[in-house]
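Encoded as structure tokens, the structure appears first; notes follow it.
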Amino acid sequence: GSVWVVYDLQLDLTTLTIKRLGQEIQLSGREFQLMEYFMRHPRQVLTRDQIEHALWEWDMVPESKAMTILIHRLRRRLQVVGADDWLQTVYGMGYCLSVPS
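Here the sequence shown is numbered in my numbering, starting from 3 and rising by one per residue.
If you want it as structure tokens, here you go:
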């Protein structure tokens with residue numbers, strides 16, 4: 003379908019929005035790609051390398067700051083729907099979409 007759901011968070015593949023608790027937030031293209039990747043791998047620790055290669059072409063991997071900034075921006079978007087703490091940094095390993103069980 004055109005909507006992915008993890009727990010009570012909806013990702014609309016057509017409108018590039020996330021929805022939760024009646025709130026809807028528009029994401030940029032790259033934020034959307036990142037959120038979709040996390041939602042396809044919930045509760046799984048993803049390394050920076052895995053994420054970068056899923057989002058960028060092999061020869062177009064950005065400088066390391068770009069990933070940090072993108073994660074920060076996505077957390078700010080998730081904050082609007084009360085889910086910013088779901089996107090966790092796993093020290094020394096990567097990031098994890100830690101949704102409630």
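Just so you know, even glycine gets a beta-carbon here, dropped at the ideal spot from N, CA and C.
Nearest-angstrom Cβ-Cβ length linking residue i and residue j, presumed shorter than 8 angstroms
i	j	result
M69	R50	6 angstroms
V7	V101	Their Cβ separation, rounded to whole angstroms, is 11 angstroms, which puts V7 and V101 out of contact at 8 angstroms.
I71	L89	Contact doesn't hold; Cβ gap of about 14 angstroms is too wide.
R75	E33	6 angstroms
F19	L29	The identity of residue 19 in the sequence shown is Thr, whereas the question assumes Phe. 7 angstroms between Cβ atoms; contact.
V82	I27	5 angstroms
D10	R22	6 angstroms
L80	M41	Their Cβ separation, rounded to whole angstroms, is 12 angstroms, which puts L80 and M41 out of contact at 8 angstroms.
Rounded C-alpha distance that separates residue i from residue j
i	j	result
L36	Y97	11 angstroms
I53	D87	19 angstroms
W25	H55	Residue 25 is actually Gln in this sequence, not Trp. The straight-line gap from Cα to Cα measures roughly 31 angstroms.
E1	G94	Outside the shown range of the chain (3 to 103) lies residue 1, about which nothing can therefore be said.
DSSP three-state assignment for residue i, whether helix, strand or coil
i	result
D14	strand
L29	coil
Y39	helix
V101	coil
Q46	coil
L76	helix
V82	helix
W88	helix
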